[in-house]
Ligand code: CA
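In the working numbering, the protein residues as written are 1052 to 1809.
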């Protein structure tokens, strides 16, 4: 680097003796600087694209000047999921059609929103893959696929997914599922550096979230609070990938000392005899935001394991910094302010949901705010410079708290909230009133568009004492939904609970539904809503039908659906203007960009994640499969191409190909292990067309391979993790005996029903 500078300045002093020395020296310095830039960043764009400016702070804060660009996950530093483009509007959106598409081999869920900068689209996929494409033609320019530790595949609570990438100064940053942060050359995808961000690979850590840029750092969190992760974010220098600082969101065992000063006051909010060995969660698994003017980095933290506060911190306490929004100084990693949405969380009420920065006129004052609709059902507006609570109101049915006390900023819990002594039906459910699906803010309408889940959950305490399993699931997860299925009223747990009618007496309607709600953050009131349950009202699938949202200056809101449709609505009224059949199920938020005067809408399809592994009839994934597909649309485009329809054999159970085995005790033990370590993915699968196999229908081959699948990872490439570090061969055998018994029970029950109806 310095050599280029020396050569050009030497050249300047040589020629400077002949021509105007100052001018030439200036020119030489400019040449040196541009050489430096070119050398260190090696930008190689397609020949027909002009690169105007570097992607830096000057460009980020003036992104309003380039409406055709979508730079961050939510387009701008405000993370607003708002496009200032208006070529596509309510009068012509019905003419939206196909421009191009790009197919992915993966059948995991796609949760990220692509970026488009300087004519190139960058999209991340499950496990942390990246594909760079010409944004006009869709031609692939380069691809990156990290090699993944197979053990990571079984350490996800909610599917093998990735929620995005960050682009800054000639580099694309992405994190892999197994916890590495990659810096890729924006021109060819070559790995510039790679950092191991995980402090203990034997624990249940993964990364499903996106890295965020803050000042000259790239910041990344992690997931695993259902396992035994202790949450933290790590900040790396964008120059060389060295670790600048690390901020833990919960304390470790106080007897071992604190890594940074903020943990001492946090530890005072925990029982000294808390289950420190379990890690206690608070993971930053999804949203962050960075305000370059205030130089504040915002991170959202999650829940802890075990879920009931009584088990992890028996004496109670707020358990900081669980379920909180934290504002950090990115230069130092020091805490500037925090706001805890759910003190002493008992319900998996994470505050990891997307946060939007906006400037709002509230009570005659221009306020710089941060907005979040976390899982707990309240919509929060905070002053983003100070953390002061401006307002909070429920945007969905909430029964765990009556309101947020404006004097203390704390929720006022109801008698319905705690389930330590008796099972309770509590709203919202552990899925949250809003999950990771991005909400969008339109400064034109002043409304926030939230994908909302209306559902409660029935919570109960475990009857057995808590037993920590290193690297395993430690949440306890003792809740079910008031709906059919093995995560609901057909579960083993339901048999131990009072009937739903008794639990639901005097409580809100238990019918599970999904909604798209337009929320006024100034008045904290609903502007309009549209139900998004699709054909699944009352089923858990209802709440996954409505994907992330995006809004535009064309006065539109876009949302993808599990049914395979992209819906466009009038942003002011909610009137549905378009329901375009993409023939591909969508969860991710769409985005918009423009090139050479043409506005495009793009969205990644492929469902999965928390509860989306069951592809019910009525979903595009049931009809066409669930391989990822990026679909790009424009006005006057063609009909969206469809994949070939899958054939579905009839669902009648055949007699299991192996005989029952194992003692009643072994089968019961297998059932306990299954419930704790396997049910997250394999429950609620009953052959209705699932991405995850129905274990009641295992073939003779699968039975023969059973031990190798669990203990040798023989199906890791199909998404089934290796459990050899967690389960002994004897435990695997007991799980196998349990599953064989389950298969026979299901078959016998079906035969009985068939005989009775004859
Ligand atoms: Ca969680």
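Heads up, the beta-carbon is just placed ideally off N, CA and C, and yes, glycines get one too.
Comparing C-alpha positions only, which one of the options sits nearest to residue i?
{"i": "residue 1506", "options": "1608, 1543 and 1584", "result": "1584"}
{"i": "residue 1320", "options": "1352, 1366 and 1336", "result": "1366"}
{"i": "residue 1242", "options": "1224, 1210 and 1254", "result": "1224"}
{"i": "residue 1157", "options": "1691, 1681 and 1727", "result": "1681"}
{"i": "residue 1147", "options": "1758, 1465 and 1651", "result": "1651"}
{"i": "residue 1448", "options": "1484, 1420 and 1473", "result": "1484"}
{"i": "residue 1110", "options": "1196, 1168 and 1465", "result": "1168"}
{"i": "residue 1247", "options": "1219, 1266, 1284 and 1562", "result": "1284"}
{"i": "residue 1267", "options": "1516, 1347 and 1322", "result": "1347"}
{"i": "residue 1332", "options": "1536, 1525, 1380 and 1322", "result": "1525"}
{"i": "residue 1269", "options": "1280, 1381, 1304 and 1199", "result": "1381"}
{"i": "residue 1570", "options": "1629, 1138 and 1491", "result": "1491"}
{"i": "residue 1496", "options": "1573, 1531, 1534 and 1700", "result": "1573"}
{"i": "residue 1357", "options": "1519, 1420 and 1234", "result": "1519"}
{"i": "residue 1388", "options": "1756, 1417 and 1437", "result": "1437"}
{"i": "residue 1698", "options": "1673, 1691, 1679 and 1767", "result": "1673"}
{"i": "residue 1282", "options": "1218, 1291, 1310 and 1527", "result": "1310"}
Can you name the residues that DSSP bridges to residue i?
{"i": "residue 1233", "result": "1225 and 1245"}
{"i": "residue 1685", "result": "1148 and 1651"}
{"i": "residue 1576", "result": "1571"}
{"i": "residue 1610", "result": "1600 and 1618"}
{"i": "residue 1493", "result": "1498"}
{"i": "residue 1219", "result": "1222"}
{"i": "residue 1372", "result": "Answer is none; residue 1372 lacks a bridge partner."}
{"i": "residue 1680", "result": "1154 and 1656"}
{"i": "residue 1520", "result": "In DSSP, residue 1520 forms no bridge with anything."}
{"i": "residue 1645", "result": "1650"}
{"i": "residue 1477", "result": "1508"}
{"i": "residue 1193", "result": "1183"}
{"i": "residue 1386", "result": "1379"}
{"i": "residue 1535", "result": "None; residue 1535 has no bridge partner."}
Give me, in chain order, the residues of the same chain whose beta-carbon lies closer than 6 Å to that of residue i; leave out the 5 immediate sequence neighbours on both sides.
{"i": "residue 1360", "result": "1395 and 1397"}
{"i": "residue 1675", "result": "1634 and 1694"}
{"i": "residue 1393", "result": "1374, 1400 and 1427"}
{"i": "residue 1460", "result": "1440"}
{"i": "residue 1183", "result": "1171, 1173, 1192 and 1193"}
{"i": "residue 1772", "result": "1204 and 1205"}
{"i": "residue 1362", "result": "1517"}
Give every residue of the same chain whose Cβ lies closer than 8 Å to the Cβ of residue i, excluding the five residues on either side of it in the sequence, and list them in chain order.
{"i": "residue 1257", "result": "1203, 1206, 1207, 1228, 1229, 1230, 1273, 1274 and 1275"}
{"i": "residue 1725", "result": "1733, 1786, 1789 and 1790"}
{"i": "residue 1118", "result": "1134, 1135, 1136, 1604 and 1645"}
{"i": "residue 1750", "result": "1708"}
{"i": "residue 1763", "result": "1773 and 1775"}
{"i": "residue 1777", "result": "1205, 1520, 1522, 1523 and 1728"}
{"i": "residue 1802", "result": "none"}
Spatial neighbours of residue i within its chain, please: CB distance less than 7 Å, with the 5 preceding and 5 following residues excluded, ordered by chain position.
{"i": "residue 1078", "result": "Confidence at residue 1078 is low in this model, with a pLDDT of 43, below 50, so the placement of that residue is unreliable and no value is reported for it."}
{"i": "residue 1442", "result": "1432 and 1575"}
{"i": "residue 1793", "result": "1747"}
{"i": "residue 1403", "result": "1335, 1336, 1337, 1338, 1351, 1352 and 1353"}
{"i": "residue 1142", "result": "none"}
{"i": "residue 1214", "result": "1162, 1163, 1259, 1260, 1261, 1337 and 1487"}
{"i": "residue 1445", "result": "1428 and 1429"}
{"i": "residue 1287", "result": "1232, 1246, 1268, 1269, 1293, 1294 and 1295"}
{"i": "residue 1369", "result": "1320, 1391, 1394 and 1395"}
{"i": "residue 1660", "result": "1160, 1162, 1209, 1210, 1212 and 1638"}
{"i": "residue 1689", "result": "1148 and 1149"}
Verify the contact flag: residue i, CB atom, against every heavy atom of ligand 1, threshold strictly below 7 Å.
{"i": "residue 1276", "result": "yes"}
{"i": "residue 1732", "result": "no"}
{"i": "residue 1267", "result": "no"}
{"i": "residue 1354", "result": "yes"}
{"i": "residue 1401", "result": "yes"}
{"i": "residue 1729", "result": "no"}
Would you verify that the beta carbon of residue i is, or is not, closer than 8 Å to some beta carbon of chain B?
{"i": "residue 1139", "result": "Among the chains in the structure shown there is no chain B, since it carries only a single protein chain."}
If you scan the stretch 1253-1324 from start to end, which runs of the alpha helix (DSSP H) of 4 or more residues do you find wholly inside it?
-> 1314-1318
Could I get the ranges of all uninterrupted beta strand (DSSP E) runs contained in the stretch 1409-1469, with 3 residues as the minimum, in chain order?
-> Complete beta strand (DSSP E) runs here, min 3: 1416-1423, 1429-1434, 1440-1445, 1452-1456 and 1461-1464.
Taking only runs that begin and end inside the stretch 1112-1185, name each unbroken beta strand (DSSP E) of 3 or more residues, in chain order.
-> 1147-1154, 1166-1168, 1171-1176 and 1180-1185
Let me know the beta strand (DSSP E) ranges lying completely inside the stretch 1693-1733, each 3 residues or longer, listed in chain order.
-> none
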